[in-house]
Structures are given as structure tokens and as C-alpha cells.
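Peer 1: Before I ask anything, let me first share the structure, which is written out below as C-alpha cells.
Numbering (full-length UniProt numbering), first residue to last: 1 to 183.
Given below as C-alpha cells:
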């Protein structure tokens, strides 16, 4: 019931790997067919095609064991992460955007945490990220890390939830040194 795609994009100052999902709620045999995901920007285009075969529609349980079909009838839906950053290589000194786009009704809350991957003694420690001079959490759930530094090498976790479900994704961020020119 979930189709997933991954895409790696290189820009002049960063390289990023992004994932996305397409959800099929209450699938029926008539929904069977070929589906295509198209992602593009000014330089690249990526196409991913898959076949969906639905043999029998069934109940998909959420955290509260309410079927998605019942939720959909009431206009409700579970929290889901649809688009997220998986890996980011970004230039020291640049601002970085980590995607965490979600859907759900009621609208899911979005919370960001980080864990230090360079210090094994603290790697299990989850540090809450809040809006500050260093970080901005945008209305759509994306996290902006300002003025990338070596100390920003971390795993960043996006947690979304509403009363029907919760999901988490992890992005790993690696700073890279600016290229130097020799005269």
C-alpha cells in the first residue's frame, strides 16, 4: 500500500538524497495498474515506474486499530511523512534545508531532534531542536540549519504525529569544505 522512491540530486554547493512515498488508502482491484513518479528540477529528471496489483481490499490498521477506510469516510487520516531528506552533503558556511513534509487530518505536529554520530558515548542522546539563531522549523515541517559548521555533522530526526499515527525519518548531514583556488 506504499510506494517509495529515492532520488539523489547534486547542486553546486550540496548533494542531497531525498525519499518520497505514495500511499494507497483503501485499495481496490480497480486501482491496479502502472504508476509513474516524475521528479525534476532545472538540471535533472528522474522517472520511477511500478506496477500495483490489488487482489483483495483489506483493512489497514493504524495505531488505534481504526481502519483507514473508516477514517477516510470521516475526513480524518493518519500522520504520514511523504517527502524527506535522507542524506545531505552541504558546504561549510551555507544554509541547509532538510525536508520533512507530512500529511494527516488532524494536521500532524512536527518535532525535530538531533543525535551526535561522532561521539559514541552520546550517540543515543536525542536533543530537541527548537527555533533559534541556528535552526528554523518551517511551517511545512522542513528544518533550516543556518551557517553549516563541522560540528553540525549529525543525524537529524523528524517526528510527526497525530491521534491516529506517528512516523519518524532520519537525515544524516555531512559538512564539506569549500573548494580552494590556487593562484
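C-beta: ideal position from N, C-alpha, C; glycine also.
Nothing here was measured: the structure is a model prediction, and the numbers come from that model.
What number of angstroms, rounded off, separates the C-alpha of residue 53 from the C-alpha of residue 32?
Peer 2: Looking at the two C-alpha atoms, the distance is approximately 5 Å.
Peer 1: Helix, strand or coil, according to DSSP, for residue 29 in the structure here?
Peer 2: The answer is helix: DSSP assigns residue 29 an H, G or I state.
Peer 1: Taking its Cβ as the centre, do 16 or more other Cβ atoms sit within 10 Å of residue 78, making it buried, or is it exposed?
Peer 2: Burial call: buried.
Peer 1: Decide yes or no for the touch test of the region 135-151 against the region 92-110: beta carbon pairs closer than 8 Å, at least 3 of them.
Peer 2: Yes, since at least three Cβ pairs between the region 135-151 and the region 92-110 fall closer than 8 Å, the two stretches touch.
Peer 1: So residue 173 and residue 88 are in contact, right, with Cβ under 8 Å, and what is the actual spacing, rounded?
Peer 2: With 8 Å as the limit, residue 173 and residue 88 qualify as a contact, their Cβ atoms being about 5 Å apart.
Peer 1: Which of helix, strand or coil does DSSP assign to residue 125?
Peer 2: It is coil, neither helix nor strand.
Peer 1: Reducing DSSP to helix, strand and coil, say where residue 21 ends up.
Peer 2: Strand.
Peer 1: From the DSSP output, which residues share a beta bridge with residue 84?
Peer 2: The partner list for residue 84 (beta bridge, DSSP) reads 19 and 100.
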